[in-house]
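Asker:
Residue numbers (our numbering): 2 to 293.
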């Protein structure tokens, strides 16, 4: 009797032996990535992938003189000297950082930010406490036109100078003293915050010309105060003439959102103690509901 032939073993295809481990490893990597992301739900806390276009290079840690052996020659070639200034002198005095004189981001892609006058006066000045001398000829050569080109504009005195002063008051004080403003305006300029909030009506009623020198009168029939107050009011009547009607019909509550009782006294030229006779006008009329 013949022995039965053994069954041949079933062979696993070669491609399957390769694919299955790869799929298993891939799934494992996905599971690890998911677990890592879930452990840090706030993606904003992770550092972004660096942008290779803005990476800090070795040049970022060089000083100016590592590339520019003679800074003053580099900057003055082809230019008319406007300053009696050398980097070498300042370096010798201990000024070693560009940012001491130059504004932030000294080097921009297409320019070098020049020092401002306010930066100069960190050290230079006319007072005894100043680190360095502050007279004009210390830095400016003889014969140089020291008046800025902005001062040559036709509207510089009547209009443009005020805009420049509001933008940077220190630029004016570089050459002018506070008394220069006072001599023309008759009061300290630019206005302090408290002036707008508290004292400007006192100044106006003492001498309206002090305000009218700078602030233009309206072109319609409204008065000077309407340039700031109640610009949405009637165009054919001044607010000073119109406000008694508003107070009579709607009350004075909205007035006292900005004004004090003393404000009424300033206008009416009466003492605070005499205002009791007018208190009826400051209360809302029973027949009229105050406007919101």
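Every residue gets a Cβ at the ideal spot worked out from N, C-alpha and C, and that includes glycine.
All figures in this text were calculated on a predicted structure; none of them were measured in a lab.
#1: Mind checking whether residue 140 and residue 72 have CB atoms under 8 Å apart?
#2: Within 10 Å of its beta-carbon, does residue 57 have 16 or more other beta-carbons around it, so buried, or fewer, so exposed?
#3: Could you check if residue 227 is buried or exposed, using at least 16 other CB atoms within 10 Å of its CB as the buried criterion?
#4: For the candidate residues 182, 235 and 243, whose alpha-carbon lies nearest to that of residue 214?
#5: Quick one, which of 198, 185, 172 and 186 has its alpha-carbon nearest residue 122's?
#6: What residue from 159, 170, 178 and 203 has the CA that sits closest to residue 127's CA?
#7: Quick check on DSSP: helix, strand or coil for residue 131?
#8: Over the uninterrupted alpha helix (DSSP H) stretch that includes residue 119, give me the two end residues.
#9: Taking all protein chains shown into account, decide if residue 248 is buried (16 or more other Cβ within 10 angstroms of its Cβ) or exposed.
#10: Please state the DSSP three-state secondary structure of residue 93.
#11: Out of 135, 91, 115 and 169, which has the shortest C-alpha to C-alpha gap to residue 104?
#12: Any chance the CB of residue 95 is under 7 Å from a heavy atom of the ligand GDP?
#13: Are the Cβ atoms of residue 187 and residue 153 separated by less than 8 Å?
#14: Looking at the structure shown, is residue 186 part of a helix, part of a strand, or coil, going by DSSP?
#15: Is residue 57 helix, strand or coil when you go by DSSP?
#16: Could you give the distance in angstroms between the alpha-carbon of residue 208 and the alpha-carbon of residue 260?
#17: Measure the C-alpha to C-alpha separation of residue 196 and residue 138 and round it to an integer number of angstroms.
#18: Does residue 192 come out as helix, strand or coil in the three-state DSSP assignment?
#19: Could you give the distance in angstroms between the alpha-carbon of residue 46 and the alpha-carbon of residue 28?
#20: Please state whether the Cβ-Cβ distance between residue 151 and residue 166 is less than 8 Å.
#21: Using a Cβ-Cβ cut-off of 8 Å (strictly less than) and excluding sequence neighbours within five positions of residue 194, which residues of its own chain qualify?
Answerer: Considering the structure as presented:
#1: The count along the chain shown starts at 1 and reaches residue 140 at position 139. The count along the chain shown starts at 1 and reaches residue 72 at position 71. Taking the C-beta atoms as reference points, residue 72 is found no nearer than 8 Å to residue 140.
#2: Numbered from its first residue, the chain shown carries residue 57 at position 56. Note that residue 57 scores 48 on pLDDT, short of 50, meaning its location in the model is unreliable and no value can be drawn from it.
#3: Position 226 of the chain shown, counted from the start, is the residue given in the question as residue 227. Answer is buried; the Cβ neighbour count reaches 16.
#4: Working through the chain shown from its first residue, we reach residue 214 at position 213. By alpha-carbon distance to residue 214, the top candidate from 182, 235 and 243 is 182.
#5: By 1-based counting over the chain shown, the position of residue 122 is 121. Residue 172 is the option with its Cα nearest to residue 122.
#6: As a first step, residue 127 is located in the chain shown; it is residue number 126 there, counting from the start. Checked all of 159, 170, 178 and 203; the closest Cα to residue 127 is 178.
#7: Walking along the chain shown from the start, residue 131 turns up at place 130. Coil at residue 131, not helix or strand.
#8: To locate residue 119, count along the chain shown from 1; it is residue 118. It spans 118-121 - the alpha helix (DSSP H) in which residue 119 sits, taken as one unbroken run.
#9: For the purposes of this step, residue 248 is taken as the residue at position 247 of the chain shown. The residue in question, residue 248, is buried, as its Cβ has 16 or more Cβ neighbours within 10 Å.
#10: If you number the chain shown from 1, residue 93 lands on position 92. Reduced to three states, the DSSP call for residue 93 is helix.
#11: Within the chain shown, the letter at position 103 stands for residue 104. Of the listed residues, the one whose Cα sits closest to residue 104 is 115.
#12: Of the ligands one can find in the structure shown there are none, so the ligand GDP has no counterpart to examine.
#13: Taking the chain shown and counting its residues from 1, one reaches residue 187 at position 186. Taking the chain shown and counting its residues from 1, one reaches residue 153 at position 152. Taking 8 Å as the cut-off, the beta carbon of residue 187 is found no closer than this to the beta carbon of residue 153.
#14: As a first step, residue 186 must be located in the chain shown, where it is residue number 185. Helix, per DSSP.
#15: The residue given as residue 57 occupies position 56 in the chain shown. With a pLDDT of 48 at residue 57, under the threshold of 50, the predicted position of this residue should be treated as unreliable, though the coordinate-derived value follows. Here residue 57 sits in coil by DSSP.
#16: Here residue 208 refers to the residue found at position 207 when the chain shown is read from its first residue. Here residue 260 refers to the residue found at position 259 when the chain shown is read from its first residue. Going from the Cα of residue 208 to the Cα of residue 260 covers about 20 Å.
#17: Along the chain shown, one-based indexing puts residue 196 at 195. Along the chain shown, one-based indexing puts residue 138 at 137. Rounded to the nearest angstrom, the two C-alpha atoms are 37 Å apart.
#18: Translated into the one-based positions of the chain shown, residue 192 becomes position 191. In the three-state scheme derived from DSSP, where H, G and I count as helix and E and B as strand, residue 192 is classed as coil.
#19: As a first step, residue 46 is located in the chain shown; it is residue number 45 there, counting from the start. As a first step, residue 28 is located in the chain shown; it is residue number 27 there, counting from the start. Legend: pLDDT at residue 46 = 45, less than 50; position of this residue unreliable, value from coordinates given subsequently. Their backbone Cα atoms lie some 27 Å apart in a straight line.
#20: Residue numbering aside, residue 151 sits at position 150 when the chain shown is read from its first letter. Residue numbering aside, residue 166 sits at position 165 when the chain shown is read from its first letter. Contact check for residue 151 against residue 166 fails: the beta carbons are separated by 8 Å or more.
#21: For the purposes of this step, residue 194 is taken as the residue at position 193 of the chain shown. Close CB contacts of residue 194 within its chain, under the 8 Å cut and outside five residues either way in sequence, are absent.
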